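Q: Numbering (my numbering), first residue to last: 31 to 201.
Dumping the structure here so I can ask a few things about it.
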Amino acid sequence: MQQMFNVGKIVNTHGIRGELKILTTTDFLEDRFAKGSELLIVPADGKAPVPVTVETARFQKNMVIVKFKEYHNINDVEKYKGTLLKVSAERLGELEENEFYFHEVIGMEVVTEDGTELGVVKEILTPGANDVWVVQMPKGKELLLPYIEDVILDVNVREKQVTVRLMEGLL
Numbered sequence: 031m032q033q034m035f036n037v038g039k040i041v042n043t044h045g046i047r048g049e050l051k052i053l054t055t056t057d058f059l060e061d062r063f064a065k066g067s068e069l070l071i072v073p074a075d076g077k078a079p080v081p082v083t084v085e086t087a088r089f090q091k092n093m094v095i096v097k098f099k100e101y102h103n104i105n106d107v108e109k110y111k112g113t114l115l116k117v118s119a120e121r122l123g124e125l126e127e128n129e130f131y132f133h134e135v136i137g138m139e140v141v142t143e144d145g146t147e148l149g150v151v152k153e154i155l156t157p158g159a160n161d162v163w164v165v166q167m168p169k170g171k172e173l174l175l176p177y178i179e180d181v182i183l184d185v186n187v188r189e190k191q192v193t194v195r196l197m198e199g200l201l
């Protein structure tokens, strides 16, 4: 079975021509929702993923309104409300140096610049101005780290380690 990664969740239909409202979970909006981009609708019932091709997409607040080439009216897409939209691993694309995907960061060990172990990246939140990395600390407490240069000093994908500087008030 191929490896797939989330790009969003289909939350509703939009209009009567088969458009869908998608709550995105990707940093690569322009790439993932470009005309001709191939994605997979993953049904919640465990059935086989449905391949789709982006025909049009427009960005609206924190949503993307997408029309897939394969569907032309609301009755065709109604059944996909609440399902996940994914991309297959081979369609992820190459990144520039010092760039990484969220799935590569989740599970990484987090250490301070002096080598003190803090915990493991549990999830990445995208609330607005900057991402927030949630670190699960050993005694169950969570540490929230803003993804800014002053805090996240180095992300070493190969070593699976993030080096951080704890600014006053973070711990």
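Beta carbons are placed, not taken as given, at the ideal position from N, Cα and C, and that holds for glycine.
It should be emphasised that the depicted structure is a prediction, and the values quoted were computed from it without experimental measurement.
Taking C-beta to C-beta, are E107 and F63 nearer than 8 Å?
A: Here residue 107 is Val; the residue named in the question, Glu, does not match the sequence. No, the Cβ-Cβ distance between V107 and F63 is not below 8 Å.
Q: Please report the straight-line C-alpha distance between N36 and G199, rounded to a whole angstrom.
A: Cα to Cα, the separation comes out at about 33 Å.
Q: Quick test of your reading: D184 and M197, contact by CB under 8 Å. State the CB separation rounded to the nearest angstrom.
A: So it is not a contact: roughly 16 Å between Cβ atoms.
Q: Does DSSP classify D184 as helix, strand or coil?
A: Here D184 sits in strand by DSSP.
Q: Hey, does K111 have any beta-carbon neighbour from chain B nearer than 8 Å?
A: Protein chain content of the structure displayed is limited to a single chain, and chain B is not contained in it.
Q: Less than 8 Å between the beta carbons of Q166 and V187, yes or no?
A: No; because the gap between Cβ atoms is not below 8 Å, this pair is not in contact.
Q: Check whether the stretch 71-91 touches the stretch 134-147, counting contact only when three or more Cβ pairs, one atom from each stretch, lie closer than 8 Å.
A: Touching, no.
Q: Out of E189, Q191, E49, A159, which has the shortest C-alpha to C-alpha gap to P176?
A: Selected option, being the one with the closest Cα: A159.
Q: Here's a check: name, in chain order, each residue in its chain whose Cβ is nearer than 6 Å to the Cβ of I154, leaving out the five neighbours to either side.
A: Around I154: F132, D161, W163.
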